[in-house]
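2 protein chains.
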Amino acid sequence: MINNYKNKIISFYKKNKRMPVYTEIMKLVGFKSKNAVAKLVDKLISEGVLDKDSSGHLIPNKLIGEVPLLGLVEAGFPTMAEESVLDTMNIDDYLVKDKDSTYLLRVKGDSMIEAGIQEGDMVLAEKVSSEGSAGQKEVRDGDIVIALIDGGWTMKYYRNRTGKVFLEPANKNYQPIYPENELEVVAIVKGVIRKY
Amino acid sequence: MINNYKNKIISFYKKNKRMPVYTEIMKLVGFKSKNAVAKLVDKLISEGVLDKDSSGHLIPNKLIGEVPLLGLVEAGFPTMAEESVLDTMNIDDYLVKDKDSTYLLRVKGDSMIEAGIQEGDMVLAEKVSSEGSAGQKEVRDGDIVIALIDGGWTMKYYRNRTGKVFLEPANKNYQPIYPENELEVVAIVKGVIRKY
DNA sequence: AGTATAGGTGAACGCTCGTTCACCGTCAAG
DNA sequence: CTTGACGGTGAACGAGCGTTCACCTATACT
C-alpha cells in the first residue's frame with residue numbers, strides 16, 4: 017500500500033515536473049485529512065523515498081529522477097540489495113553540460129559505425145560558437161563533428177593532424193572527404209544515446 | 017540582463033530540483049519587491065522560458081530539462097533558428113521506462129564492440145523479474161543481456177534460436193559461451209550512453 | 001518641454017500552505 | 001479484557017504564497 021502511495025507521488029512528479037503539495041497528495045491517494053498526508057510523508061522521508069527542504073516543501077530525492085549506478089558490468093549486479101548501489105546518477109546532468117548549445121540529432125547511415133555510432137542512434141551535439149554565442153568549444157583533431165562541407169551536411173571525424181583539414185568516416189567502405197571550398201564545423205558530438 | 021535572470025532561475029532549479037517561489041527569485045536576482053518578480057515572471061512566460069500551473073506555482077517548461085531535438089544528422093542544423101527545432105526531448109524519460117528496475121553499469125572489455133558498445137560506455141539495464149518484482153520483461157533471442165553464467169558475470173547477446181541457449185559476443189575474436197551448468201539472465205540491456 | 005513606457009518599490013489582499021492538537025476506530029499482544 | 005500502536009479524521013494556527021494597486025523614477029521619443 018505504501019508503495020502504491022509512493023508511485024502515485026512519483027507519477028505526479030513526472031507528469032507535472034514538480035512535487036505535489038499536501039492537499040494534492042490527499043486527493044491523489046484518497047485521504048480526507050492533510051494530517052494523514054503529513055504522517056505518510058514523514059514515513060516516506062524516513063524511508064529515504066522523499067525529501068523536504070528547509071521551507072517544508074517536498075523535493076524529489078536521489079531515488080526520483082536519478083538512476084542507480086552499479087559497478088562494472090563484469091562485476092554484475094552485486095547482490096541486488098539496496099545497499100550495494102554504489103551511487104546514483106542523473107542522466108541529463110551527466111550528458112548535458114551546456115544547456116543552451118546542446119542539441120539532439122538522429123543518426124542516419126553507417127559512416128561512423130566503427131566508432132560505435134549506428135543508424136538510429138541519437139547524438140548529443142554541442143554547437144560551436146559562431147562568435148558571441150554560448151559554446152566556445154574548440155574543435156580538436158579526432159573529435160566527431162557535425163559539419164557543413166561544400167554545401168552538404170555530414171557527421172565524421174575531424175582531422176587536422178598535418179595542418180590539412182579533412183573529414184574521415186569511421187567505416188572502411190568510405191573515403192575521407194577533403195573540402196573543395198567550404199568546411200564549417202557546426203557542432204561537436206559530445207555523447208551518444210541508443211535505445212533498444 | 018533578462019537572460020541572466022533566466023539562468024539564475026534555471027540554476028536554482030537544477031540545484032534544488034524545484035522551482036523557486038517569488039521571494040526566492042527576489043533574493044536570487046536582487047529585487048526588493050515581489051511585484052518586480054511578478055512582472056519578470058510574466059515576461060519570461062510570454063517568452064516561453066517558464067510556465068505556471070493552475071495554482072500559480074512555477075513549473076519548468078520544455079526548455080528546462082529537455083533537449084531540443086533537431087532532425088536527421090544528414091539534414092544538419094537547420095538554419096539554427098529557434099523555429100527550426102522540431103521537438104524537445106527529455107533524455108531520462110526517453111531511456112528509463114521502468115524506474116524501479118533500471119540500473120546503470122559501466123562497460124568493461126570489448127566483447128560487444130561490433131554491437132556498438134565500447135569500453136567505458138554506460139549501459140541501461142532493466143532487471144528481469146525474479147518473481148513478484150516489478151520488471152517482468154521476457155528475454156528474447158537477440159537481446160543484449162547481463163547474465164550470470166557458471167558463476168561469472170558477462171554482457172552478451174542472448175541466443176535461443178534453436179532451443180539451445182547460449183551467449184554470443186559481438187566480437188569475432190571471442191567465442192560463443194555455452195553454459196555448463198548455470199545461465200541466469202539478470203537484466204536486459206535497454207540503452208547505451210556514451211560521453212566524449 | 002512634454003509624455004509615454006519600462007522597470008522598479010512598498011504595502012495590502014485573500015488564500016493556501018505545512019504544521020499541530022485532540023480524537024476515533026481497528027487490530028494484535030499481554 | 002485491557003492496552004498500546006497504527007492509521008486515519010477534523011479543525012484550527014500562523015506563516016508564506018501569488019496577486020494587485022498606487023506610486024516612483026529613469027530613459028527615449030515626439
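Chains as they are written, first to last, in my numbering: chain A, 17 to 212; chain B, 17 to 212.
Glycine included, every Cβ here is placed at the ideal spot set by N, Cα and C.
Quantities reported herein were computed from a predicted structural model and do not represent experimental measurements.
Take V83/B, set aside five residues on each side of it, and the residues of its chain with a beta-carbon closer than 7 Å to its own are T104, M105 and I107, in chain order. Between E130/B and N176/B, the C-beta spacing is not below 8 Å. Taken in chain order, the complete alpha helix (DSSP H) segments of 4 or more residues contained in the region 41-114 of chain A are 50-62 and 107-111. It is roughly 59 Å from the alpha-carbon of V45/A to the alpha-carbon of Y190/A.
Taking L199/B as reference, the option from G207/B, D109/B and T170/B with the minimal CA-CA separation is T170/B. Taking a beta-carbon distance threshold of 8 Å, I107/A counts as an interface residue toward chain B. Pairwise C-beta distances place the region 20-39 of chain B in contact with the region 70-88 of chain B, as three or more of them are shorter than 8 Å. By alpha-carbon distance to I162/B, the top candidate from M128/B, G179/B and G136/B is M128/B. The beta strand (DSSP E) runs lying completely inside the region 154-188 of chain A and spanning 3 residues or more are 160-165, 168-175 and 182-184, given in chain order. The straight-line gap separating the alpha-carbon atoms of E154/A and A141/A is approximately 13 Å. Residue environment: K206/A is assigned as buried (16 or more neighbouring CB atoms within 10 Å of its CB, all protein chains considered). Annotation: the continuous beta strand (DSSP E) that includes I204/A extends over L199 to K211.
By the beta-carbon neighbour count (other beta carbons within 10 angstroms, threshold 16), P185/A is buried.
At the C-beta level, V123/A and V201/A stay beyond 8 Å of one another. In its chain, beyond the 5 residues on either side, K48, S49, K50, A52 and V53 have a beta carbon closer than 8 Å to the beta carbon of M42/B.
Sequence-ordered contacts of the region 22-52 of chain B with chain A read N32, K33, R34 and M35 [C-beta pairs closer than 7 Å]. Not a single CB atom of chain A sits nearer than 8 Å to the CB of Y174/B. At a cut-off of 8 Å between beta carbons, V57/B makes no contact with chain A. Judged by DSSP secondary structure, Y194/B falls outside any beta strand (DSSP E); it is assigned neither H nor E. Within the region 131-143 of chain A, the residues whose Cβ lies closer than 9 Å to any Cβ of chain B are, in chain order, A131, G132, I133, Q134, D137, M138, V139, L140, A141 and K143. For E40/A, the closest alpha carbon among the candidates Y174/B, S70/B and G64/B is that of S70/B. Not a single C-beta of chain B is nearer than 8 Å to the C-beta of V161/A.
As DSSP reads the structure, A141/B sits in a beta bridge with Y119/B and V205/B.
Using beta-carbon distances, R177/B does not count as an interface residue toward chain A, since no partner is under 8 Å.
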